[in-house]
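Residue numbering for the sequence shown follows the working numbering, starting at 9 and increasing by one per position.
Even glycine gets a Cβ: it sits at the ideal position worked out from N, Cα and C.
Quantities reported herein were computed from a predicted structural model and do not represent experimental measurements.
Below you'll find the structure, written out as structure tokens, and then a few comments.
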Amino acid sequence: MSDVTDIEGRPARNIARPDIPLISIIAPCYNETGAIAPFVAAMMDIIKAGGVRYELVFVDDGSTDDTRAQLSALADRYCEIRVVAFSRNFGKEAALTAGLDYAEGDAVVVMDVDLQDPPELIATFIEKWRDGYDVVYATRDDRGADTFAKRFTAGGFYRLFNKISAVKIPENTGDYRLMDRRVVETIKTLPERSRFMKGLFAWVGFKSVGVDYARPARTAGKTKFNFWRLWNFAIDGFASFSTAPLRVWSYIGGVIALLSFLYASAMILITLVTGNDVPGYASLLTFILFFGSVQMISVGILGEYIARLFVEVKRRPIYIVDEVYAGEGAKPPARTAAD
Ligand code: UDP
Ligand code: MG
């Protein structure tokens, strides 16, 4: 006899209710020691509100603090909680991918564990889902909790992304969203290794609607995304969803060729008119440096795409699971199970 209960204290076997929809909450965690307890406390209130059943799928993304121990203790205690622990840090995008692979709900909600994605929104998500929307995403109408630099760069990134990519990401939208099972199944069929999840979420389409919210500050700890990580994230986004950075070089080349032709014509004319002397050391050097840099930038951009091809053809798994924690009888019973 196990002492695993559900979050409301009932024996685990009593939660089989195939008639009530199951919502999976996916929360990636990386060194979130101070954030987990407040998150679980907040989620318990949501779960107890009832109406639907919940399961919580935590993905421990190779934390080096006691995040994993905290999560596995929760999985031992409550039948709604499962923990997928990675063998090392694979990044949030991989953690979300694993969460989608392991979730079993009729709908799936992905959210951060730092309570920057307010759990109160889940009720609205479910309402919209019941109205027939396949995707309900949260839109920050106030990024007051973010630094100016982050707001500025994020705004610029999404505007540029939406200009050059065929797939449009709604502005001010993070990962926080509810997705119907068929959306999740579609995302699971996408095989790529560079997983810019926001792009993939948008790429699959389906009937979507946004819900506004004000983004609060983190409960505990600090952001895992420093400038360099965000920069690489942005490049990943561009390179995964647009070939414009590659193609633009043909046009740049064309324009420069035209300008060179005009310049050469002018030089020939001037030489014919004023006779031949050889000044122009400074302009010559400037041109050499300029074209050298332009070529290096274009080669660098080629490199970005070749590096991604390299990663894709290796076909390594997106993440490696070290261990899955689920208390005895913890897995929510299959929807077909008799109550
Ligand atoms: N996260 C993760 N792996 C990482 C970095 C972050 O699973 O390598 C998780 C983190 O624990 C949090 C979520 O992703 O639940 C969002 O991270 P964070 O709050 O640092 O990002 P921000 O809100 O500043 O964009
Ligand atoms: Mg956060």
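Look up residue i in the DSSP assignment and say whether it is helix, strand or coil.
i, result
"Ala111", "coil"
"Tyr141", "coil"
"Ser268", "helix"
"Asp347", "Model confidence at Asp347 stands at a pLDDT of 36, short of 50, so the residue's coordinates are unreliable; what they give is reported in the following sentence. In the structure shown, Asp347 sits in coil (DSSP, three-state: anything other than H, G, I, E or B)."
"Ser273", "helix"
"Met187", "strand"
"Ala342", "Confidence at Ala342 is low in this model, with a pLDDT of 42, below 50, so its placement is unreliable and no value can be given for it."
"Ala225", "coil"
"Phe209", "helix"
"Ser32", "strand"
"Ile305", "helix"
"Glu63", "strand"
"Glu312", "helix"
"Asn22", "Note that Asn22 scores a pLDDT of 49, beneath 50, so its modelled location is shaky and nothing firm can be said."
"Ser258", "helix"
"Met9", "Residue placement at Met9 is poorly supported in this model, since its pLDDT is 45, which falls under 50; the coordinates are not used for a value here."
"Ser248", "helix"
"Arg90", "strand"
"Glu331", "strand"
"Asp14", "coil"
So the candidates are the options; which of them puts its Cα closest to the Cα of residue i?
i, options, result
"Val60", "Ile134, Phe209, Asp244, Ala334", "Ile134"
"Lys100", "Gly245, Pro36, Cys87", "Pro36"
"Leu208", "Ile177, Glu16, Met52, Arg18", "Ile177"
"Trp137", "Phe66, Ala115, Pro46, Pro287", "Ala115"
"Arg148", "Lys56, Thr231, Pro224, Arg316", "Pro224"
"Lys158", "Thr231, Trp257, Asn39, Val48", "Thr231"
"Ala43", "Phe165, Asp73, Ile309", "Asp73"
"Ile309", "Thr105, Pro253, Lys171", "Pro253"
"Ser173", "Leu317, Cys87, Ala50, Lys206", "Lys206"
"Ala51", "Asn39, Asp14, Arg18, Gly70", "Correcting the residue identity first, residue 51 is Met in this sequence and not Ala. Comparing Cα positions, the closest option is Asp14."
"Ser95", "Ile195, Thr181, Ala106, Ile278", "Ala106"
"Val175", "Phe241, Gly213, Met275", "Gly213"
"Ser258", "Arg18, Ser306, Leu198", "Ser306"
"Tyr271", "Arg316, Leu317, Arg255, Phe295", "Phe295"
With a threshold of 6 Å, establish whether the CB of residue i neighbours any heavy atom of the ligand MG.
i, result
"Gln78", "no"
"Gln303", "no"
"Asp69", "no"
"Asp122", "yes"
"Asn226", "The sequence as given places Arg at residue 226; Asn does not occur at that position. For the ligand MG, at least one heavy atom lies less than 6 Å from the Cβ of Arg226."
Residue i and residue j: beta carbons closer than 7 Å?
i, j, result
"Ala111", "Val65", "yes"
"Val191", "Asp142", "yes"
"Val144", "Ile33", "no"
"Tyr333", "Val91", "yes"
"Leu129", "Ala103", "no"
"Tyr184", "Met119", "yes"
"Arg350", "Gln124", "Since the first residue of the chain shown is 9 and the last is 347, residue 350 is not available in this structure."
Near residue i, which residues of its chain fall below 6 Å by C-beta distance, leaving aside the five closest residues on each side in sequence?
i, result
"Phe204", "Asp244, Gly245, Ser248"
"Ile89", "Leu64, Leu82, Ala83"
"Asn22", "Because Asn22 carries a pLDDT of 49, less than 50, the predicted location of this residue cannot be relied on, and the following value inherits that uncertainty. Once the five neighbours on either side are set aside, Asn22 has no close Cβ partner at all."
"Phe233", "none"
Can residue i be considered in contact with the ligand UDP, in the sense that its beta carbon sits closer than 6 Å to one or more heavy atoms?
i, result
"Cys87", "no"
"Asn97", "yes"
"Phe165", "no"
"Ala103", "yes"
"Glu40", "yes"
"Pro36", "yes"
"Lys196", "no"
"Lys100", "yes"
Please list, in chain order, all residues of the same chain as residue i whose beta carbon is under 8 Å from its beta carbon, the five residues on each side excluded.
i, result
"Arg323", "Arg201"
"Asn170", "Lys176, Ile177, Glu179"
Which residues in the same chain as residue i place their Cβ atom closer than 7 Å to its Cβ, once the five residues preceding and following it in sequence are excluded?
i, result
"Met9", "Reliability fails at Met9, whose pLDDT of 45 lies under 50, so the model's placement of it is uncertain and the value that follows must be treated cautiously. Correct list: empty, nothing qualifies."
"Glu16", "Lys56"
"Thr194", "Val212"
"Glu331", "Ala93"
"Arg76", "Asp68, Ala93"
Would the beta-carbon of residue i be found less than 6 Å away from any heavy atom of the ligand NAP?
i, result
"Thr231", "Looking for the ligand NAP in the displayed structure turns up nothing; the ligands present are the ligand UDP and the ligand MG."
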